Amino acid sequence: MNDAGAAYAPEFGENIKRRVRTRQAEDRPPVRSEDVPKLLNEAPGVVGIMSTSISGGGSLDSAVRAVAEDGPPISKKIFRRVADLADTRVRPDMRASLISELSRLPDSASPYSMAIHMAVSASEAHAEDERERSLRDASEIALTGLKEAGKSFSASLNAPCMAVFALGIMVPMVLMCIVPMLGFGGLFGSSPIGIEQIAVLTLVAVPAAVACVVLMISRRNPFLKPGNGDAGLRNYAPLMSVPVLAAVCMAAGMEADTAGCIGCIAGGAASFAAVLPAYMRESARKKIAVHLEDAVFDAGNRLLSGGTFEDAAVGAIASREGCAGVAEALRREFAVCRGDEEDAVARALSPVSETVSDAFRAICRAASKDLRDAGKLAISIGRQMKDQRSVRNGIRAELRSMTDTMSATAVFFAPMVLGLSVAMLAPVSSLSGSDISGTSSVLVLYLAELCVLISALNSFLEGDARPETVARRISMFLPVSALVFLVSMSIQL
52 MNDAGAAYAP EFGENIKRRV RTRQAEDRPP VRSEDVPKLL NEAPGVVGIM
102 STSISGGGSL DSAVRAVAED GPPISKKIFR RVADLADTRV RPDMRASLIS
152 ELSRLPDSAS PYSMAIHMAV SASEAHAEDE RERSLRDASE IALTGLKEAG
202 KSFSASLNAP CMAVFALGIM VPMVLMCIVP MLGFGGLFGS SPIGIEQIAV
252 LTLVAVPAAV ACVVLMISRR NPFLKPGNGD AGLRNYAPLM SVPVLAAVCM
302 AAGMEADTAG CIGCIAGGAA SFAAVLPAYM RESARKKIAV HLEDAVFDAG
352 NRLLSGGTFE DAAVGAIASR EGCAGVAEAL RREFAVCRGD EEDAVARALS
402 PVSETVSDAF RAICRAASKD LRDAGKLAIS IGRQMKDQRS VRNGIRAELR
452 SMTDTMSATA VFFAPMVLGL SVAMLAPVSS LSGSDISGTS SVLVLYLAEL
502 CVLISALNSF LEGDARPETV ARRISMFLPV SALVFLVSMS IQL
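Letter by letter, the sequence shown follows residues 52 to 544 of the working numbering.
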């Protein structure tokens, strides 16, 4: 084999492998029906990537490859397949490959398909006004699909959340209080189940059932961010102080239930104090990221007014509340970047917001060709960011009633009802001579488990299941729940 043949052989072999892979996947649908809501959630981001490429003068080919490289997970897989089918000549070109793959999506994904079709139309438009109008239509269709996914998910939560409410309060109350009460003194016959079996059901079976409901909700949530990476177990370490403090209180002579409550109150408060600084830093970062998104639109206006990219970017960011530090970091990076402005933008903005960093890098590439086109691109991207944020805020507002109900269940309703049940059980047990000393201790453990499960559920509902978020919620719920239970069971009935 000559040198040219040897050089071509690896590329030829790779093309054969790609062709085989695409042929094997030909009969498989690109997306399962249960993944359609997640696909609709990705639509605005995909349209944004394609719009950035097309508005910046790129072709449909470059827009598809941009999504295949940097798009969200499900769309990235679809667009990689589109590129493979075009590159291996299974499809005649990128447009035909994309249209073919969109036609194989489930009917429920029609907003996604329609939005991509509008982006394809924009890539073929000759007039700038027509191209921008098509891209705006694509963005609006994608946002409409996102709203539909949010409403559908919100409507599907009623039954699961009611199940959590019933399992979290009514079942433990019946198991730990009503069943033993019926067996006191033989008034209603002997109890068919012992306190040990009831404790196992309360501490194992009921939490397992609640956990199944929580996991089901998390799998159906299209807005849950995938791949949180680091397990972050260190965020839960401060919570280990809870059993330690409870053991210390028991060693000091406290009853087991009181010691457990004191341990939860003191340990939970200590854990909250430990995770609070990280939470405050993350909250500040999110607030700055929102202001940076607004700065993208402002930078576009400055570019249209004749400013350079560096001046427009730094000036727009500096004018936003709380962003002076980011603007100064960007100014320093520009001063030492030696002409590599994209890299300077990435170093300064990526720690705060990858999305804004990618937007400014795209604007930077457009500015190297034409400042006015870069300004129009920045305005278009800024408008899309604002629209997406508005829609997602509306979805979060719809879900807030569910998260508030679940929070109230963990920190108020469950401990109050179970605490009053224990208080009601005390005089009956004293009359019958029965021992219920273990009941309240078991319920303290159960309430701690419930706080953990509801914390995870709320984090899943809000689309942020990072360990630090879950640990913060547990640290908030645990002391309040223990305090309510301690006060409720101390009431004399």
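Where a beta carbon is used, it is the ideal one built from N, C-alpha and C, also for glycine. In this text the structure is predicted, and so the values were computed from the model without any measurement.
Next item on the list: Ignore the nearest five residues each way along the sequence and tell me which others in Thr-253's own chain have a CB closer than 7 Å to its CB.
Entry: Within the sequence shown, residue 253 is the residue found at index 202, counting from 1. The residues are Pro-223, Leu-226, Met-227, Val-493 and Tyr-497.
Next item on the list: Indicate whether the contact test is met: 3 or more Cβ pairs, each with one atom in the stretch 92-99 and one in the stretch 164-183, closer than 8 Å.
Entry: With the cut-off at 8 Å, the stretch 92-99 and the stretch 164-183 touch.
Check: Does the stretch 146-163 come close enough to the stretch 191-202 that 3 or more CB-CB pairs lie under 8 Å?
Finding: yes
Checklist line | Simplified DSSP assignment, three categories, for Leu-529 | finding: As a working note, residue 529 is residue 478 in the sequence shown. The answer is helix: DSSP assigns Leu-529 an H, G or I state.
Next item on the list: Classify Ser-151 as helix, strand or coil using the three-state DSSP reduction.
Entry: In the sequence shown, residue 151 corresponds to position 100, counting from 1. Assignment of Ser-151 by DSSP, reduced to helix, strand and coil, places it in the helix class.
Next item on the list: Could you tell me the distance, in whole angstroms, from the CA atom of Phe-204 to the CA atom of Asp-188?
Entry: Here residue 204 corresponds to residue number 153 of the sequence shown, with the count starting at 1. Here residue 188 corresponds to residue number 137 of the sequence shown, with the count starting at 1. For Phe-204 and Asp-188, the distance between alpha carbons rounds to 24 Å.
Next item on the list: Classify Gly-107 as helix, strand or coil using the three-state DSSP reduction.
Entry: The sequence position of residue 107 within the sequence shown is 56, counting from 1. Three-state result, Gly-107: coil.
Check: Under a Cβ-count criterion, where at least 16 other Cβ atoms within 10 Å of its own Cβ denotes burial, should Pro-466 be classed as buried or exposed?
Finding: Sequence index remark: in the sequence shown, residue 466 carries index 415 (1-based). Pro-466 comes out buried.
Notebook entry, point to check: Exposed or buried, Glu-344, counting other C-beta atoms within 10 Å across all chains shown (16 or more means buried)?
Noted result: For this step, residue 344 is matched to residue 293 along the sequence shown. Buried.
Next item on the list: Work out the CA separation of Thr-309 and Met-540 for me, nearest whole Å.
Entry: As a first step, residue 540 must be located in the sequence shown, where it is residue number 489. As a first step, residue 309 must be located in the sequence shown, where it is residue number 258. Going from the Cα of Met-540 to the Cα of Thr-309 covers about 10 Å.
Next item on the list: With Pro-289 as the anchor, note down where its alpha helix (DSSP H) starts and where it stops.
Entry: Locating residue 289 in the sequence shown gives position 238, where the first residue counts as 1. Segment: none, Pro-289 is in no alpha helix (DSSP H) and carries neither H nor E.
Item checked: Inter-residue CB distance, Ala-375 and Val-365 (contact presumed, cutoff 8 Å) -> Within the sequence shown, the letter at position 324 stands for residue 375. Within the sequence shown, the letter at position 314 stands for residue 365. Not confirmed; about 11 Å, so no contact.
Item checked: Exposure label - Ile-542; buried when at least 16 CB within 10 Å -> Taking the first residue of the sequence shown as 1, we reach residue 542 at position 491. With a threshold of 16 other beta carbon atoms within 10 Å, Ile-542 falls short and is exposed.
Margin query: Helix, strand or coil, according to DSSP, for Arg-451 in the structure here?
Written below: The count along the sequence shown starts at 1 and reaches residue 451 at position 400. When secondary structure is reduced to three states using DSSP, Arg-451 falls in the helix class.
Margin query: Output needed for Ala-461: all residues of its chain with C-beta closer than 7 Å, excluding positions within five of it in sequence on either side, in chain order.
Written below: Locating residue 461 in the sequence shown gives position 410, where the first residue counts as 1. Taken in chain order, the residues that qualify are Leu-501, Cys-502, Ile-505, Phe-528 and Ser-532.
Check: By a C-beta neighbour count over all protein chains shown, 10 Å radius and 16 as the cutoff for buried, is Gln-545 buried or exposed?
Finding: Missing from the structure shown is residue 545; the chain here goes from 52 to 544 and no further.
Notebook entry, point to check: Counting Cβ pairs, one atom from each stretch, are 3 or more of them under 8 Å apart for the stretch 322-340 and the stretch 285-295?
Noted result: yes
Item checked: For Phe-464, the nearest candidate out of Gly-390, Ala-217, Leu-508 and Ile-129 (CA to CA) -> Position 413 of the sequence shown, counted from the first residue, corresponds to residue 464. Put simply, of Gly-390, Ala-217, Leu-508 and Ile-129 the residue whose alpha carbon is nearest the alpha carbon of Phe-464 is Ala-217.
Note to self: Using the three-state DSSP reduction, which class does Gly-390 fall into: helix, strand or coil?
What the structure shows: Stepping through the sequence shown from its first residue, residue 390 is reached at position 339. Gly-390 falls in the coil class under three-state DSSP.
Item checked: Euclidean distance between Cα positions of Ala-417 and Glu-199 -> Locating residue 417 in the sequence shown gives position 366, where the first residue counts as 1. Locating residue 199 in the sequence shown gives position 148, where the first residue counts as 1. The alpha-carbon atoms of Ala-417 and Glu-199 are separated by roughly 34 Å.
Check: Assuming Gly-108 and Lys-427 make a contact with CB atoms under 8 Å, what is their CB distance in whole Å?
Finding: Taking the first residue of the sequence shown as 1, we reach residue 108 at position 57. Taking the first residue of the sequence shown as 1, we reach residue 427 at position 376. Not confirmed; about 11 Å, so no contact.
Notebook entry, point to check: Roughly how many angstroms lie between the CA atoms of Asn-352 and Ile-430, to the nearest whole one?
Noted result: Locating residue 352 in the sequence shown gives position 301, counting from the first residue. Locating residue 430 in the sequence shown gives position 379, counting from the first residue. Each residue's alpha carbon lies about 7 Å from the other.
Check: Is there a Cβ from chain C that is less than 9 Å from the Cβ of Ile-313?
Finding: Annotation note: the requested chain C is absent from the structure, which comprises a single protein chain.
Notebook entry, point to check: Nearest-angstrom Cα distance between Phe-360 and Leu-354?
Noted result: Looking up residue 360 in the sequence shown gives position 309. Looking up residue 354 in the sequence shown gives position 303. Taking the straight line joining both Cα atoms gives about 7 Å.
Item checked: Contact under 9 Å by Cβ, Ala-117 with Val-133 -> As a first step, residue 117 is located in the sequence shown; it is residue number 66 there, counting from the start. As a first step, residue 133 is located in the sequence shown; it is residue number 82 there, counting from the start. No.
Notebook entry, point to check: Are there 16 or more other CB atoms within 10 angstroms of the CB of Ala-210, so buried, or fewer, so exposed?
Noted result: In the sequence shown, counting from the first residue as 1, residue 210 sits at position 159. Exposed.
Notebook entry, point to check: Are Gly-318 and Ala-302 touching if we call contact CB-CB under 9 Å?
Noted result: Your numbering for residue 318 matches position 267 in the sequence shown. Your numbering for residue 302 matches position 251 in the sequence shown. Cβ atoms of Gly-318 and Ala-302: not closer than 9 Å.
Check: Does the separation of the CB atoms of Gly-399 and Ile-414 fall below 9 Å?
Finding: Counting from one through the sequence shown, the residue named residue 399 turns up at place 348. Counting from one through the sequence shown, the residue named residue 414 turns up at place 363. Looking at the sequence itself, residue 399 is Ala, so the reference to Gly does not match. Contact: no.
Notebook entry, point to check: What residues in its chain sit with their C-beta under 6 Å from that of Leu-534, if we drop five residues either side in the sequence?
Noted result: Taking the first residue of the sequence shown as position 1, residue 534 is located at position 483. Once the five neighbours on either side are set aside, the close Cβ partners of Leu-534 are Ile-316.
Check: Should Arg-412 go down as buried or exposed, given a rule of 16 or more other Cβ atoms within 10 Å for buried?
Finding: Counting from one through the sequence shown, the residue named residue 412 turns up at place 361. Buried is the call here.
Checklist line | Distance between Ser-106 and Met-145 (C-alpha atoms, nearest Å) | finding: Sequence index remark: in the sequence shown, residue 145 carries index 94 (1-based). Sequence index remark: in the sequence shown, residue 106 carries index 55 (1-based). Here the alpha carbon of Met-145 sits roughly 18 Å from the alpha carbon of Ser-106.
Check: In chain order, what residues of the same chain lie with their CB nearer than 7 Å to the CB of Ser-408, ignoring the 5 residues before and after it?
Finding: Translated into positions along the sequence shown, residue 408 becomes position 357. Cβ within range, chain order: Val-396, Ala-397, Leu-400 and Ser-401.
Checklist line | Limits of the unbroken alpha helix (DSSP H) element including Cys-415 | finding: Stepping through the sequence shown from its first residue, residue 415 is reached at position 364. Element bounds for Cys-415: 405-418.
Notebook entry, point to check: Starting from Leu-266 and walking both ways along the alpha helix (DSSP H), at which residues does that stretch end?
Noted result: Residue numbering aside, residue 266 sits at position 215 when the sequence shown is read from its first letter. Where Leu-266 is concerned, the enclosing alpha helix (DSSP H) stretches over 257-271.
Note to self: By the three-class DSSP mapping on this structure, what secondary structure does Arg-116 have?
What the structure shows: What you label residue 116 is simply residue 65 of the sequence shown in a count that begins at 1. Arg-116 falls in the helix class under three-state DSSP.
Note to self: Spatial neighbours of Leu-197 within its chain, please: C-beta separation below 7 Å, excluding the five flanking residues on both sides.
What the structure shows: If you number the sequence shown from 1, residue 197 lands on position 146. Closer than 7 Å at Cβ, skipping near neighbours: Leu-91, Asn-92, Ala-94, Pro-95 and Val-442.
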